[in-house]
Amino acid sequence: MTDNKAFAVQDLLALPRLSGLTLSPDGSRLVVSVARPDARGKKYVGALYELDPAGGRAPRRLTRSAPGESGAAFAPDGSLLFVSSRPDPDSGEAEDEAREDKPALWLLPAGGGEARMLAGPPGGVDAVAVSREDGAFVFAAGSHPDTGDWEEDAAREKARKDAGVGAQLFTGYPIRLWDHYLGPRERHLHLAPRPEDDGLKGTGRDLTPAPARSLDMTTFDLTPDARTVVTSRWRETEDPRERALELIAVDAVSEEERVLAGDDDAWYDSPACTPDGRFVVAVREGIPTPDEVVDTTLWLVDLRTGEGRDLLEGFDLWPQAPVWSHDSSAVFFTADEDGRTPAFRVDLDTGAVTRLAGEGAFDSLCPAPDGRTLYALRSTITEPPYPVALDALGADAEPRRLRGFGEPDDLALPERVERVTVEADDGTPVSSWLLLPPGASAEAPAPLATFIHGGPVNSWSGWHWRWNPNVFVDDGWAVLLPDPALSTGYGLGYIRRGWGRWGDIVYGDLMSAVDGAAARDEIDAQKTVAMGGSFGGYMANWIAGHTDRFDALVTHASLWDLESFHGTTDLGVWWEREFGDPYAEPARYREHSPHLHVGNIETPMLVVHGELDYRVPIGEALTLWTDLRRHGVPAKFLYFPDENHWVLKPNNARLWYETVIGFIDHHARGREWTQPGLL
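Each step along the sequence shown adds one to the number in UniProt numbering, with nothing skipped, and position 394 is 394.
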């Protein structure tokens with residue numbers, strides 16, 4: 001790469017977005033979902049591509065439709081299941097008549113040819129798991145309560161629509177998640193036999209006929225013989241504070257259920273069954289209290305006896321997304337570690353943990369049947385996800401890059417990336433990534449933009465589509481990506497330092513990181529800004545009321561009044577685990593609430609929020625905006641009526657980057673403010 005190349009927002013939006021890598025049972029075919037903007041830039045559309053595991057052949061496109069395809073899973077015979085809202089030509093639907101946001105389940109034959117619909121429930125299919133040996137599959141689909149089949153479900157939906165009724169009557173908690181209200185449909189799990197040539201196009205067998213809200217946003221898997229479905233499930237309880245995910249097994253023949261794990265102070269998710277059908281492994285997340293943070297680990301359960309044990313005892317990182325080796329002897333997983341997300345292997349018998357590769361952020365792990373290769377998607381702070389092959393038996397090896405959708409030299413991304421560390425006030429090391437623009441030097445120092453990550457239990461470890469620092473570097477900014485207390489990848493003690501102490505410990509760590517970066521010769525300490533989303537937005541609000549060192553602040557989807565936030569967010573009781581009972585002991589909420597310091601704010605602020613954000617409801621932004629205007633703070637409000645906690649649509653993302661960069665350029669660098677077009 002050369003320094004004169006550019007990487008502006010249009011370059012970011014044009015990049016193919018790879019996700020959901022999956023490997024065929026015989027190891028000969030890799031398939032990945034690739035999303036790109038549609039012709040009008042209104043949304044991203046996915047398509048399935050086949051990659052060459054040997055790395056030689058160029059990717060081959062497998063699917064093509066206006067609504068797009070995703071969620072691919074291989075059957076034992078090599079056929080490919082996927083979900084899509086494309087119309088079904090066999091039903092007489094027109095080519096331009098998509099199923100709105102209700103995807104159906106499709107099958108693409110192993111030998112090629114046209115895809116055919118397997119199941120098209122009116123409520124849509126959102127996930128599928130296929131048995132390794134039998135070829136039967138389980139899929140999740142929503143249905144109205146007390147409807148016997150999909151025909152009755154469709155009639156119920158039509159009656160509501162014809163009557164113009166959108167009302168619902170709730171009795172439980174929560175009533176909404178992320179960006180949608182729950183119901184009126186309930187999520188069911190359906191078991192279907194191996195597809196025959198004439199297709200399925202039926203409901204399969206409903207294994208969960210009365211699920212209520214117990215299966216919302218849960219994950220599941222199927223044993224190789226298709227006799228047992230293992231799923232996470234919300235434990236029903238009158239007290240919403242005791243709501244947690246348990247792990248259950250459903251007998252596919254008798255439909256009897258048994259709890260595998262969940263009678264303790266933890267919840268379980270991401271189950272994966274062994275290829276030999278003996279065990280299931282799941283992520284076990286301890287339920288914290290305001291006084292104690294509990295570890296996250298992998299929990300192994302014997303499906304015959306129900307006995308469970310910690311598979312990662314003494315491992316001081318938080319595992320994610322476990323998958324099994326083909327011989328059932330090891331589990332592969334990822335975990336954040338010091339600004340990276342490596343791939344790891346843990347041996348079932350010995351418990352020995354091996355890091356397979358240290359640099360980069362890995363996901364979509366796909367163990368090959370040869371036992372020696374692990375395929376994955378890898379990214380870095382300066383490079384988007386691309387397919388690689390890892391030595392499944394080695395340690396800290398360099399991944400082999402596969403033929404993808406653009407080689408490194410095709411991307412005009414920064415080369416000046418450093419890992420920097422400073423000491424916090426209590427002597428704890430605080431690490432960050434620092435990206436420097438070309439030409440930054442003591443003679444020509446660059447302005448500094450500090451990005452504060454969300455979560456708050458999270459870290460900067462790989463490529464970011466929503467908060468991409470490389471676009472800012474292209475504009476001449478140095479970008480600091482700090483991991484303060486509460487960040488993952490530094491052990492349980494590092495999270496414990498900041499637990500419930502957002503306004504003092506976390507704030508102090510951030511300021512120490514900024515001080516360290518600003519002291520460098522390549523940085524112009526007189527031109528600094530800070531910004532963040534969600535928890536990062538909270539910290540931007542807190543910073544606004546506690547220092548005037550920054551020239552501008554950007555606060556996106558941010559928490560402002562912690563007490564009112566508890567009652568309006570989708571899962572307010574979760575916050576009691578860190579801040580306590582707001583009805584009996586509100587002191588912690590008030591001690592760390594930014595709104596109480598609005599009278600100190602002088603720094604210009606850009607407020608950004610989406611109407612469909614139910615994790616941090618827009619009322620937080622409206623209150624913040626009112627308070628800023630009431631106190632005469634120079635501010636702007638960028639509002640998205642069609643976005644949730646994130647800005648996902650291409651044209652909206654373009655406006656986000658243009659507005660944010662224009663705002664900080666104006667206040668920190670003295671450039672003329674120009675309102676982006678279309679706003």
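Note that the Cβ used here is the ideal one computed from N, Cα and C, for glycine as well.
For HIS190, the secondary structure class from DSSP, reduced to helix, strand or coil, is strand.
Straight-line measurement puts the Cα of ALA66 at about 18 angstroms from the Cα of LEU81. When ILE543, TYR268, GLY394 are compared, the shortest CA-CA separation from ILE452 is found for ILE543.
Every beta strand (DSSP E) of 3 residues or more that sits fully in the segment 244-310 is shown, in chain order, as 245-251, 257-261, 266-273, 279-286, 296-302, 308-310.
Put simply, of GLU423, ILE381, GLY406, VAL430 the residue whose alpha carbon is nearest the alpha carbon of VAL417 is ILE381.
The C-alpha of ALA115 is placed about 27 angstroms away from the C-alpha of ARG227. Contact holds between the segment 619-636 and the segment 599-606, because three or more Cβ pairs, one in each stretch, are under 8 angstroms apart.
Per DSSP, HIS144 is not a residue of any alpha helix (DSSP H), being assigned neither H nor E. Less than 8 angstroms divides the Cβ of PRO122 from the Cβ of GLU157. In this structure the segment 492-512 does not touch the segment 471-478; the number of beta carbon pairs closer than 8 angstroms is below three.
One Cα belongs to GLU196, the other to THR22, and the distance between them is close to 23 angstroms. Counting the other CB atoms within 10 Å of its CB gives GLY46 a total of 16 or more, which places it among the buried residues. If you draw a straight line from the Cα of HIS645 to the Cα of ASP349, it comes to about 42 angstroms.
Its Cα nearest to that of TRP625, the residue VAL607 stands out among ALA330, TYR614, VAL607. Your pair GLY135 and ARG194 checks out as a contact, with CB atoms roughly 3 angstroms apart and the cut at 8 angstroms. VAL598 and ASP627 have their C-alpha atoms roughly 7 angstroms apart. In this structure SER512 is not in contact with ALA540, their Cβ atoms being roughly 17 angstroms apart against a cut-off of 8 angstroms.
In terms of CA proximity to ASP570, LEU177 leads the group ALA584, ALA39, LEU177.
Under DSSP, ALA330 takes part in a beta bridge, and its partners are ASP347. Where HIS666 is concerned, the enclosing alpha helix (DSSP H) starts and stops at 650-669.
Pairing ILE175 with ARG615, the inter-Cα distance amounts to about 12 angstroms.
Straight through space, the alpha carbons of ALA343 and GLY55 are spaced by roughly 20 angstroms. A distance below 8 angstroms separates the beta carbons of LEU678 and LEU655. Distance check between ALA73 and each of PRO87, LEU48, ARG86 places LEU48 closest, using alpha-carbon atoms only. Looking at the DSSP output, ARG355 shares a beta bridge with PHE344.
Secondary structure of LYS102 (DSSP, three-state): coil. Fewer than three Cβ pairs drawn from the segment 258-271 and the segment 309-318 lie within less than 8 angstroms of each other, which leaves the two stretches out of contact. When DSSP reads this structure, VAL388 sits in a beta bridge with ALA376, ARG401. The shortest C-alpha to C-alpha distance from GLY112 to any of ARG629, LEU374, ASP77, LYS102 is the one to ASP77.
Checking the DSSP bridge columns, you'll see VAL430 partnered with VAL422. For GLY537, the closest of PHE170, LEU562, ALA517, LYS527 by C-alpha to C-alpha distance is LEU562. By the beta-carbon neighbour count (other beta carbons within 10 angstroms, threshold 16), HIS190 is buried. For GLU133, the secondary structure class from DSSP, reduced to helix, strand or coil, is coil. The three-state secondary structure of GLN526, taken from DSSP, is strand. In the DSSP assignment, PHE82 forms a beta bridge with TRP106.
Excluding sequence positions up to five before and after ASP524, its CB lies within less than 8 angstroms of the CB of PRO445, ALA446, PRO447, LEU448, all in the same chain and listed in chain order.
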